[in-house]
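**Q** Here the UniProt record's numbering is used: position 279 in the sequence shown is 279, and no number is missing along the way.
For every residue, glycine included, the Cβ atom is placed at its ideal position computed from N, Cα and C.
Keep in mind it's a predicted model, so treat the numbers as computed, not measured.
Shown below is the structure under consideration.
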Amino acid sequence: MSARPEAGGDSEDHGPYDEDAPATDTDGGGEALARPLPGPVRARVVEYGSDVLSGMRAGDLPPPLRRVARFEPRRRARLAGPQIAAQLETDGAFRDRVAERVEQVWPELAEGLRSGVVPPAADPVAVAACAYLLRPKGWPDIIEDVHRELERQSSAKEADEAAEALDAARRELDETRHGHQAELERLRSQIRAQRTEITELRRKVHTERQRAREATERASRTLADTTERESETARQVSTLESENRRLRSRLANAEAQVENARRAVRAGRNADEARLRVLLDVLVDASHGLRRELALPAALDDPADLVAETEQQRRVSLGGLPDDDPGLLEHLLTVPRVHLLVDGYNVTKTGYGTLPLADQRTRLMNSLKGLASRTKAEITCVFDGADVDTPPVVAPTRRVRLLFSAPGETADELIVRLVRAEPPGRPIAVVTSDQEIVTAVRRAGARAVPSTIFLRRLEAHG
1 MSARPEAGGD
11 SEDHGPYDED
21 APATDTDGGG
31 EALARPLPGP
41 VRARVVEYGS
51 DVLSGMRAGD
61 LPPPLRRVAR
71 FEPRRRARLA
81 GPQIAAQLET
91 DGAFRDRVAE
101 RVEQVWPELA
111 EGLRSGVVPP
121 AADPVAVAAC
131 AYLLRPKGWP
141 DIIEDVHREL
151 ERQSSAKEAD
161 EAAEALDAAR
171 RELDETRHGH
181 QAELERLRSQ
191 IRAQRTEITE
201 LRRKVHTERQ
211 RAREATERAS
221 RTLADTTERE
231 SETARQVSTL
241 ESENRRLRSR
251 LANAEAQVEN
261 ARRAVRAGRN
271 ADEARLRVLL
281 DVLVDASHGL
291 RRELALPAAL
301 DDPADLVAET
311 EQQRRVSLGG
321 LPDDDPGLLE
331 HLLTVPRVHL
341 LVDGYNVTKT
351 GYGTLPLADQ
361 RTRLMNSLKG
371 LASRTKAEIT
381 CVFDGADVDT
391 PPVVAPTRRV
401 RLLFSAPGET
411 ADELIVRLVR
421 AEPPGRPIAV
431 VTSDQEIVTA
441 VRRAGARAVP
451 STIFLRRLEA
461 HG
């Protein structure tokens with residue numbers, strides 16, 4: 001059973017126990033209340049009755065309360081308070097059951113009430129609720145005393161609250177007065193400052209008016225001087241225009257003389273140029289005849305640029321280190337005049353095959369440029385041209401050459417042709433992990449380098 005004085009409150013209507021309802025006596029030995037129960041006492045009685053309903057069997061429940069007995073105790077006391085209060089007032093058996101439970105919870109309080117002694121330290125609300133349920137002799141007087149005590153406490157609380165409110169109002173008034181006094185002092189000082197500023201502004205206005213009159217006088221004098229100067233300038237302009245016309249006439253005559261001189265020079269130059277062209281044609285014809293006589297080639301280019309079909313020739317071997325040796329590539333790049341051929345897609349798909357093909361090509365070419373600048377080796381990178389409609393135009397780069405295989409030709413075939421196009425004796429290394437290319441270039445005398453070793457070399461010096 002709960003003994004919370006705040007439970008239930010006095011915010012709800014409790015049916016027969018409304019404060020305007022007359023007091024009744026159904027089983028009080030002829031004793032009755034002079035006025036309704038106080039709100040807190042009425043809420044406490046309802047709470048006790050609600051707690052007893054939770055422990056009763058279904059057959060022992062009063063019929064009017066059987067439906068609300070299924071509610072949770074707090075919800076039952078809140079929603080079914082009027083029904084519980086009415087049942088306690090009219091049903092002596094139910095009230096006795098609640099009184100028995102109260103006597104079990106508060107045995108000292110119940111014994112004191114029956115003996116006519118109210119414990120002075122007991123909660124007045126609990127005392128009144130127990131007196132109403134137990135109904136000892138003189139119980140209406142006990143409830144009436146509690147009622148008067150609660151009214152006294154309520155009046156004292158209201159008086160304290162009013163006193164506190166009055167003190168707060170007085171403090172607020174004092175603060176407002178102080179604030180108004182400070183604001184008044186601030187406004188007065190502001191007015192004094194503004195008056196001083198107004199006096200200063202008046203003095204400045206007087207000074208500016210004097211300066212304005214002086215400026216007006218200077219402007220009048222300047223306007224007169226300007227008018228006189230404009231007249232003088234007009235006369236000078238007229239004189240200059242006459243001189244200008246005379247000079248233009250002389251310039252026209254000079255330009256005519258210059259043009260005549262140019263025509264004479266062009267005529268002489270044309271004759272000299274004609275003689276020079278004849279001499280140049282004779283020299284060109286003589287050089288062509290000499291080239292045919294000596295069977296010289298028409299131009300001198302690197303063999304890899306020509307990519308010409310030539311007869312397979314034996315080359316100088318780049319042996320000495322196994323293919324899986326980490327220092328193989330460093331050794332090859334130190335050989336003078338070495339030509340490094342790179343199988344582009346074989347390298348990029350081994351190292352970063354998840355990128356788009358264009359990004360793979362760009363990344364590899366940037367790495368090759370750095371490698372060529374450090375080693376001074378000639379590098380040719382070959383890509384399969386079948387995956388692009390038009391091979392991208394790449395600006396020529398010193399020591400790095402970019403080639404795409406032609407339609408109908410694979411990058412493997414182009415690499416083999418590049419190896420065979422080199423002259424005998426030049427060291428050649430081919431970077432690839434494709435075993436078919438490795439076999440073909442070895443037969444042609446080149447050295448194969450695995451793509452993984454090449455990638456490690458690029459990453460180490462990236």
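Give a yes or no on whether the C-beta atoms belonging to residue 88 and residue 125 are separated by under 8 Å.
**A** Numbered from 1 along the sequence shown, position 88 holds the residue referred to as residue 88. Numbered from 1 along the sequence shown, position 125 holds the residue referred to as residue 125. At a Cβ-Cβ threshold of 8 Å, residue 88 and residue 125 do not count as neighbours.
**Q** Just tell me which of 249, 455, 241 has its CA closest to the CA of residue 343.
**A** As a working note, residue 343 is residue 343 in the sequence shown. Distance check between residue 343 and each of 249, 455, 241 places 455 closest, using alpha-carbon atoms only.
**Q** I need the DSSP call for residue 337, collapsed to helix, strand or coil.
**A** Within the sequence shown, numbered from 1, the residue matching residue 337 stands at position 337. Here residue 337 sits in coil by DSSP.
**Q** Just the Cα atoms here: how many angstroms apart are residue 441 and residue 286?
**A** For the purposes of this step, residue 441 is identified with residue 441 of the sequence shown, where counting begins at 1. For the purposes of this step, residue 286 is identified with residue 286 of the sequence shown, where counting begins at 1. So the alpha carbons of these two residues sit roughly 44 Å apart.
**Q** Would you mind reading off the limits of the beta strand (DSSP E) that contains residue 404?
**A** Stepping through the sequence shown from its first residue, residue 404 is reached at position 404. It spans 400-404 - the beta strand (DSSP E) in which residue 404 sits, taken as one unbroken run.
**Q** Can you check DSSP and say which residues form a bridge with residue 171?
**A** Within the sequence shown, numbered from 1, the residue matching residue 171 stands at position 171. Residue 171 is not bridged by DSSP to any residue.
**Q** Counting Cβ pairs, one atom from each stretch, are 3 or more of them under 8 Å apart for the segment 401-415 and the segment 336-350?
**A** Contact between the segment 401-415 and the segment 336-350 is present, because at least three Cβ pairs lie under 8 Å.
**Q** Mind checking residue 47: buried by the 16 CB within 10 Å criterion, or exposed?
**A** Indexing the sequence shown from 1 puts residue 47 at position 47. Result: buried.
**Q** Which class does residue 269 belong to by DSSP, given the choice of helix, strand or coil?
**A** For the purposes of this step, residue 269 is taken as the residue at position 269 of the sequence shown. In this structure, residue 269 counts as helix in the three-state DSSP scheme.
**Q** Mind checking which residues open and close the alpha helix (DSSP H) that includes residue 127?
**A** On the sequence shown, residue 127 is found 127 positions in, with the first residue counted as 1. Segment 124-134, the alpha helix (DSSP H) holding residue 127.
**Q** If you follow the alpha helix (DSSP H) that residue 108 is part of, which residue opens it and which one closes it?
**A** Here residue 108 corresponds to residue number 108 of the sequence shown, with the count starting at 1. Element bounds for residue 108: 107-114.
**Q** Identify whether residue 94 lies in helix, strand or coil by the three-state DSSP scheme.
**A** As a position in the sequence shown, residue 94 is number 94, starting the count at 1. Three-state DSSP puts residue 94 in a helix.
**Q** Below 8 Å on the Cβ atoms is my guess for residue 321 versus residue 429; work out the distance and round it to an integer in Å.
**A** To locate residue 321, count along the sequence shown from 1; it is residue 321. To locate residue 429, count along the sequence shown from 1; it is residue 429. Their Cβ separation, rounded to whole angstroms, is 11 Å, which puts residue 321 and residue 429 out of contact at 8 Å.
**Q** Going by DSSP in three states, residue 102 sits in which element: helix, strand or coil?
**A** Taking the sequence shown and counting its residues from 1, the one referred to as residue 102 is at position 102. Three-state DSSP puts residue 102 in a helix.
**Q** For residue 343, does the three-state DSSP call read helix, strand or coil?
**A** Position 343 of the sequence shown, counted from the first residue, corresponds to residue 343. Strand at residue 343.
**Q** Rounded C-beta distance between residue 438 and residue 415? I'm assuming under 8 Å.
**A** As a working mapping, residue 438 is identified with position 438 in the sequence shown. As a working mapping, residue 415 is identified with position 415 in the sequence shown. That pair is no contact at about 11 Å.
**Q** Please report the residue range of the beta strand (DSSP E) in which residue 449 lies.
**A** Your numbering for residue 449 matches position 449 in the sequence shown. First-last of the beta strand (DSSP E) with residue 449: 447-449.
**Q** Applying the criterion that 16 or more other CB atoms from any shown protein chain within 10 Å of the CB defines a buried residue, is residue 65 buried or exposed?
**A** Taking the sequence shown and counting its residues from 1, one reaches residue 65 at position 65. Per the 10 Å Cβ criterion, buried.
**Q** For residue 464, which option in 78, 105, 131 has the closest C-alpha, if you only look at C-alpha atoms?
**A** Since the first and last residues shown for the chain are 1 and 462, residue 464 lies out of range.
**Q** In terms of alpha-carbon separation, which member of 450, 38, 362, 373 lies closest to residue 151?
**A** The residue labelled residue 151 in the question sits at position 151 within the sequence shown. When each option's Cα is compared against that of residue 151, the closest is 38.
**Q** Using CA coordinates, which residue listed in 99, 161, 42 is at the minimum distance from residue 86?
**A** For the purposes of this step, residue 86 is identified with residue 86 of the sequence shown, where counting begins at 1. The candidate whose alpha carbon is nearest that of residue 86 is 42.
**Q** Assuming residue 74 and residue 53 make a contact with CB atoms under 8 Å, what is their CB distance in whole Å?
**A** The sequence position of residue 74 within the sequence shown is 74, counting from 1. The sequence position of residue 53 within the sequence shown is 53, counting from 1. Going by Cβ atoms, the distance from residue 74 to residue 53 rounds to 12 Å, so no, they are not a contact pair.
**Q** Checking 8 Å against the spacing of the C-beta atoms, do residue 329 and residue 449 come in under that value?
**A** Taking the sequence shown and counting its residues from 1, the one referred to as residue 329 is at position 329. Taking the sequence shown and counting its residues from 1, the one referred to as residue 449 is at position 449. Taking 8 Å as the Cβ cut-off, residue 329 and residue 449 qualify as a contacting pair.
**Q** Name the residue from 375, 350, 384, 90 whose alpha carbon lies nearest to the alpha carbon of residue 453.
**A** For this step, residue 453 is matched to residue 453 along the sequence shown. Checked all of 375, 350, 384, 90; the closest Cα to residue 453 is 350.
**Q** Can you tell which of 35, 176, 102, 90 has the C-alpha that lies nearest to the C-alpha of residue 51?
**A** Here residue 51 is taken as the residue at index 51 of the sequence shown, counted from 1. The shortest C-alpha separation from residue 51 is found at 102.
**Q** Buried or exposed: residue 6, going by 16 or more other Cβ atoms within 10 Å of its Cβ?
**A** If you number the sequence shown from 1, residue 6 lands on position 6. With a pLDDT of 34 at residue 6, under the threshold of 50, the modelled position of this residue cannot be trusted; read the value that follows with caution. Result: exposed.
**Q** Alpha carbon to alpha carbon, how far is residue 338 from residue 458? Give it in angstroms, no decimals.
**A** Taking the first residue of the sequence shown as position 1, residue 458 is located at position 458. Taking the first residue of the sequence shown as position 1, residue 338 is located at position 338. Distance between the alpha carbons of residue 458 and residue 338 is about 18 Å.
**Q** Counting C-beta neighbours from all protein chains within 10 Å, is the total for residue 104 16 or more, i.e. buried, or is it exposed?
**A** For the purposes of this step, residue 104 is identified with residue 104 of the sequence shown, where counting begins at 1. When all chains shown are included, residue 104 counts as exposed.
**Q** With distances taken Cα to Cα, identify the nearest neighbour of residue 445 among 155, 141, 417.
**A** As a working mapping, residue 445 is identified with position 445 in the sequence shown. Ranking the options by Cα distance to residue 445, first place goes to 417.
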